[in-house]
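With full-length UniProt numbering applied, the sequence shown corresponds to residues 1 to 359, in that order.
Here the structure comes first, spelled out in structure tokens, and everything after it is commentary.
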Amino acid sequence: MIYNGTNSSQWIEYSIINNVVTRLWCCRYLDAWPRNGFASTQLSTATSLGIFDNQVGIALGFLLGPVIVKNHNNLDDIGKDLSRLCWIVAIIGTIVLVLVLTLFQNEPELPPSETRALQKINRKEKKEEFVEPIKRLCRNKNYIMLCNSYGLNVGVLNAVSTLLNQIFLAHFENGEKDAGRIGLIIILIGLVGSVSFGIILDKTHKYKQTAVTVYFLSFCGQILFTVFTCMGIKWMVYVSAIFLGYFMSGYMAMGYDLCTEYTYPESENISAGLLNIITSIYGIILITSLGLLMNMYGDIPVHISLCLALLLGFILTAITKDEQRRQDARKKTQFERITRIEKQTEGVPEMTQLTYSIT
1 MIYNGTNSSQ
11 WIEYSIINNV
21 VTRLWCCRYL
31 DAWPRNGFAS
41 TQLSTATSLG
51 IFDNQVGIAL
61 GFLLGPVIVK
71 NHNNLDDIGK
81 DLSRLCWIVA
91 IIGTIVLVLV
101 LTLFQNEPEL
111 PPSETRALQK
121 INRKEKKEEF
131 VEPIKRLCRN
141 KNYIMLCNSY
151 GLNVGVLNAV
161 STLLNQIFLA
171 HFENGEKDAG
181 RIGLIIILIG
191 LVGSVSFGII
201 LDKTHKYKQT
211 AVTVYFLSFC
221 GQILFTVFTC
231 MGIKWMVYVS
241 AIFLGYFMSG
251 YMAMGYDLCT
261 EYTYPESENI
271 SAGLLNIITS
281 IYGIILITSL
291 GLLMNMYGDI
301 PVHISLCLAL
311 LLGFILTAIT
321 KDEQRRQDAR
331 KKTQFERITR
341 IEKQTEGVPE
351 MTQLTYSIT
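Here it is in structure tokens:
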């Protein structure tokens with residue numbers, strides 16, 4: 001609120017600072033909340049609900065932004081609307097902050113899952129520098145493959161959301177409202193997809209199979225969206241947007257679960273943070289390059305590029321090894337008493353490599 005009513009350059013500075021802080025918090029929140037507060041049979045669902053909350057906020061922004069900030073002829077009236085919007089956001093954010101500080105625990109007194117208990121024991125006994133875990137993550141082939149495939153998926157989703165108005169108006173004159181509705185549909189249907197896939201993962205623990213299936217259907221959804229947009233069939237564009245949003249947006253939460261499975265027992269703070277960085281880089285590259293491509297050659301090359309990016313991501317997902325480190329550790333600790341030993345596995349001080357005696 002310090003910048004309220006100031007000039008445009010200060011508004012840009014404020015927006016950049018705000019985006020950096022909120023982006024950092026969302027990444028930390030999506031990782032820490034599930035693993036600190038939920039049992040191993042609820043982790044994927046909890047992660048998907050974290051994505052759900054985040055996307056609901058974005059959807060509300062789409063809905064309430066134009067309602068509160070209207071297109072007045074007088075710039076002063078627009079400034080008053082922006083001021084009103086900022087006050088609303090500031091008040092709600094302050095209330096939420098107070099509730100979090102007063103009501104939320106950092107984590108339960110007892111670890112909610114076997115794998116979380118093992119991580120806490122390991123980290124209390126052995127402190128590590130920040131650089132070594134990053135080096136190990138860079139040597140983890142599955143993690144590197146995931147960063148690229150997940151980055152392509154979310155990058156394409158960001159590019160579609162950003163360029164949707166231009167893409168849609170190239171085939172539908174005066175279709176601004178329809179483009180806004182389609183963008184909102186993609187987000188809202190993605191909420192259902194995220195929760196659905198989280199429940200499926202908690203029930204089946206078929207991470208690789210589910211990821212490959214969802215990624216392939218995202219690719220198919222992008223093809224359908226491209227075909228019907230170029231053909232100018234509006235109602236089929238809506239149908240394909242529902243299909244695309246369900247699988248492509250639904251994949252977002254799944255990426256964090258795969259990240260944890262591939263990198264356990266490394267700190268999820270570091271692995272999820274790096275995943276988020278690479279995803280943002282892919283988003284910047286795709287949005288910038290496809291925006292230039294759109295201005296120079298039209299929407300057809302953009303559609304083709306989006307489909308090719310998803311095809312590449314699907315191939316990377318399909319050839320990634322099916323590895324479930326966290327689930328393997330959980331299974332070992334369910335029926336056996338644990339005595340930890342020091343052992344190196346693939347360069348990682350693997351706390352899941354244990355000796356057991358049946359109780």
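For each residue, glycine too, the CB sits at the ideal point set by N, CA and C.
What you are looking at is a predicted structure, and each value in this text was computed from that prediction instead of being measured.
Quick check on DSSP: helix, strand or coil for Ser267? coil
Go ahead and label Ser8 buried or exposed: buried means 16 or more other beta carbons lie within 10 angstroms of its beta carbon, across all protein chains shown. For Ser8, the predicted structure reports a pLDDT of 44, less than 50, and the residue's modelled location is therefore unreliable. The matter cannot be settled from this model.
Does DSSP put His205 in a helix, a strand or coil? coil
Rounded to a whole number of angstroms, what is the C-alpha to C-alpha distance between Ala179 and Phe168? 6 Å
Compare the beta carbon distance of Val154 and Thr279 with 8 Å and say whether it is the shorter of the two. yes
Roughly how many whole angstroms lie between the Cα atoms of Cys307 and Ile68? 36 Å
Pairs of beta-carbons, one from the segment 313-323 and one from the segment 172-189, closer than 8 Å: are there three or more? no
Where does Lys321 sit, in a helix, a strand or coil, going by DSSP? coil
What are the start and end residues of the alpha helix (DSSP H) that includes Asn148? 141-169
If I measure Cβ to Cβ from Lys70 and keep anything under 7 Å in the same chain, skipping five residues before and after, which residues do I get? Asp81
Quick check on Val69: does DSSP put it in helix, strand or coil? coil
Name the residue from Leu152, Gly298, Tyr238 whose alpha carbon lies nearest to the alpha carbon of Lys177. Tyr238
Quick check on Val98: buried or exposed, where buried means 16 or more other Cβ atoms within 10 Å of its Cβ? exposed
Are three or more beta carbon pairs between the segment 255-268 and the segment 285-294 nearer than 8 Å? no
Note down the Cα distance separating Ala272 from Leu85, rounded to an integer number of angstroms. 32 Å
Where Thr229 and His171 are concerned, what is the direct C-alpha to C-alpha distance, given to the nearest angstrom? 7 Å
Just confirm the distance between the C-beta atoms of Val302 and Leu290, as a whole number of angstroms; I'd bet it's less than 8 Å. 5 Å
Any contact between the segment 194-201 and the segment 136-144? By contact I mean 3 or more CB pairs, one from each, below 8 Å. no
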